[in-house]
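Take a look at the structure below.
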Amino acid sequence: MLLAVDIGNTHIVTGLLDKDGTVLLTFRVSSNEKLTEDEYFSYLKNISDFNEIEIKNLNGIIISSVVPNLIGIFQFLGRKYFDIEPLVVDLNLKMPFTFSEDLQINGFGADRIIDISQAVIDYPDRNLVIFDLGTATTYEVLKDGVYIGGGILPGIEMSINALFGNTAKLPKVKFSTPDTVLGKNTAEQIQAGIFYGYAGQIKNIIQEIKKIVSNPYIIATGGLGKILFAQIQEIDEYCPELSIKGLYTLYQMNK
8 MLLAVDIGNT HIVTGLLDKD GTVLLTFRVS SNEKLTEDEY FSYLKNISDF
58 NEIEIKNLNG IIISSVVPNL IGIFQFLGRK YFDIEPLVVD LNLKMPFTFS
108 EDLQINGFGA DRIIDISQAV IDYPDRNLVI FDLGTATTYE VLKDGVYIGG
158 GILPGIEMSI NALFGNTAKL PKVKFSTPDT VLGKNTAEQI QAGIFYGYAG
208 QIKNIIQEIK KIVSNPYIIA TGGLGKILFA QIQEIDEYCP ELSIKGLYTL
258 YQMNK
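In the working numbering, the protein residues as written are 8 to 262.
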């Protein structure tokens with residue numbers, strides 16, 4: 008059994024997968040650099056026990072992280088509780104895709120590597136666009152299995168927080184799907200503006216990509232991807248387990 012840990016700026020998504028890559032369990036906790044390996048192990052043990060999964064059968068760990076300080080904590084967890092040295096995702100690993108030669112890839116995020124790796128495995132004969140809607144939103148474009156570029160924009164929650172933090176009277180609202188583009192009060196108007204404005208950004212990005220890459224298959228993932236998938240017809244599929252399965256794929260290629 009494999010423990011796959013995807014550490015983001017806001018949440019840590021943890022998955023347990025069997026030897027065939029079937030996802031047995033996923034859960035998310037807050038990214039917190041103040042917690043110890045013992046506290047994170049407690050989350051893992053309690054949730055696994057509740058779901059009747061025996062983690063003593065663990066024989067591999069892989070970590071993807073955009074928070075450098077948390078890598079060490081999960082390395083300690085692997086060594087202390089399982090006597091396993093975790094595999095850490097970086098650009099030195101074998102991957103099922105290549106980068107275009109004109110790109111500068113220093114600092115390319117581990118979170119992006121795992122998304123791309125799984126998408127290429129799932130759709131080997133398609134040009135691909137992958138949107139990951141998390142703390143930041145990223146998009147990746149692949150043509151004939153080669154990564155040719157992408158982009159990064161502020162995430163939805165980041166946009167809401169910026170609006171709240173830089174104005175004196177506007178309230179902080181929860182992101183949700185509004186009933187209409189015309190809000191009837193301040194909170195509804197913020198929700199409408201954020202939702203339809205963000206959907207419009209994604210649609211325009213897709214339009215521009217289609218001028219460069221013919222007939223791409225467009226995937227969304229990430230915590231907020233499901234909400235926007237229902238609104239943006241241009242997105243072909245929502246893949247909630249893309250990152251966890253991508254960790255499994257990279258582990259199999261590099262174990």
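The beta carbon of each residue, even a glycine, is placed where N, CA and C say it ideally should be.
One or two residues paired with residue i in a DSSP bridge
{"i": "P178", "result": "Paired residues: none, contrary to the question."}
{"i": "P161", "result": "A143"}
{"i": "S250", "result": "None, per the DSSP bridge assignment."}
{"i": "F34", "result": "T21"}
{"i": "F138", "result": "Y146, A227"}
{"i": "A11", "result": "G22, I69"}
{"i": "V74", "result": "Per DSSP, none; premise fails for V74."}
Alpha carbon of residue i to alpha carbon of residue j, nearest angstrom
{"i": "L254", "j": "Q125", "result": "8 Å"}
{"i": "K41", "j": "K181", "result": "26 Å"}
{"i": "Y130", "j": "K52", "result": "34 Å"}
{"i": "T264", "j": "V220", "result": "Within the shown structure, residues of the chain are numbered from 8 to 262, placing residue 264 beyond reach of any answer."}
{"i": "I91", "j": "P161", "result": "36 Å"}
{"i": "F34", "j": "T256", "result": "19 Å"}
{"i": "V127", "j": "L140", "result": "19 Å"}
{"i": "L110", "j": "G230", "result": "28 Å"}
{"i": "V74", "j": "E215", "result": "31 Å"}
{"i": "I69", "j": "N192", "result": "47 Å"}
{"i": "E147", "j": "F83", "result": "32 Å"}
{"i": "G67", "j": "S38", "result": "22 Å"}
{"i": "Q259", "j": "D25", "result": "12 Å"}
{"i": "F57", "j": "A227", "result": "30 Å"}
{"i": "N168", "j": "P103", "result": "37 Å"}
{"i": "L170", "j": "L189", "result": "18 Å"}
{"i": "V95", "j": "Q196", "result": "43 Å"}
{"i": "V30", "j": "S72", "result": "20 Å"}
{"i": "G172", "j": "I213", "result": "30 Å"}
{"i": "Q238", "j": "N211", "result": "14 Å"}
{"i": "G156", "j": "K262", "result": "28 Å"}
{"i": "N99", "j": "I123", "result": "15 Å"}
Assigned exposure category for residue i - 16 Cβ within 10 Å defines buried
{"i": "D186", "result": "exposed"}
{"i": "K252", "result": "buried"}
{"i": "A175", "result": "exposed"}
{"i": "V12", "result": "buried"}
{"i": "I112", "result": "exposed"}
{"i": "G232", "result": "buried"}
Proximity to residue i [Cα-Cα], best of the options
{"i": "E248", "options": "I155, R133, D118, K87", "result": "D118"}
{"i": "K63", "options": "V74, G85, E44", "result": "G85"}
{"i": "G204", "options": "T184, N192, I216", "result": "T184"}
{"i": "L9", "options": "S37, G15, V36, E61", "result": "E61"}
{"i": "I93", "options": "I80, T105, P103", "result": "In the sequence as presented, Ile is not what sits at residue 93; that position holds Pro. Per the Cα distances, I80."}
{"i": "E44", "options": "G190, F89, K101, F115", "result": "F89"}
{"i": "L77", "options": "T142, H18, D243", "result": "H18"}
{"i": "D97", "options": "F115, F106, S107, E108", "result": "F115"}
{"i": "G158", "options": "F138, T174, F171", "result": "F138"}
{"i": "I121", "options": "K101, E108, Q196, D151", "result": "K101"}
{"i": "K217", "options": "L170, S250, K150, E195", "result": "K150"}
{"i": "G207", "options": "L32, E241, D132, R133", "result": "E241"}
{"i": "N222", "options": "D27, D243, N261, E59", "result": "D243"}
Whole-number beta carbon distance between residue j and residue i, since they are thought to touch under 8 Å
{"i": "L23", "j": "S55", "result": "7 Å"}
{"i": "L135", "j": "Y245", "result": "Between Y245 and L135 the Cβ distance is about 14 Å, and since that is not below 8 Å, they are no contact."}
{"i": "Y154", "j": "S107", "result": "6 Å"}
{"i": "L235", "j": "I201", "result": "The pair is not a contact, with the Cβ atoms about 11 Å apart (cut-off 8 Å)."}
{"i": "G15", "j": "T142", "result": "6 Å"}
{"i": "A199", "j": "P178", "result": "At roughly 14 Å, the Cβ-Cβ gap does not stay under 8 Å, so A199 and P178 are not in contact."}
{"i": "G28", "j": "T105", "result": "Actually they do not touch by this definition, with Cβ atoms about 23 Å apart."}
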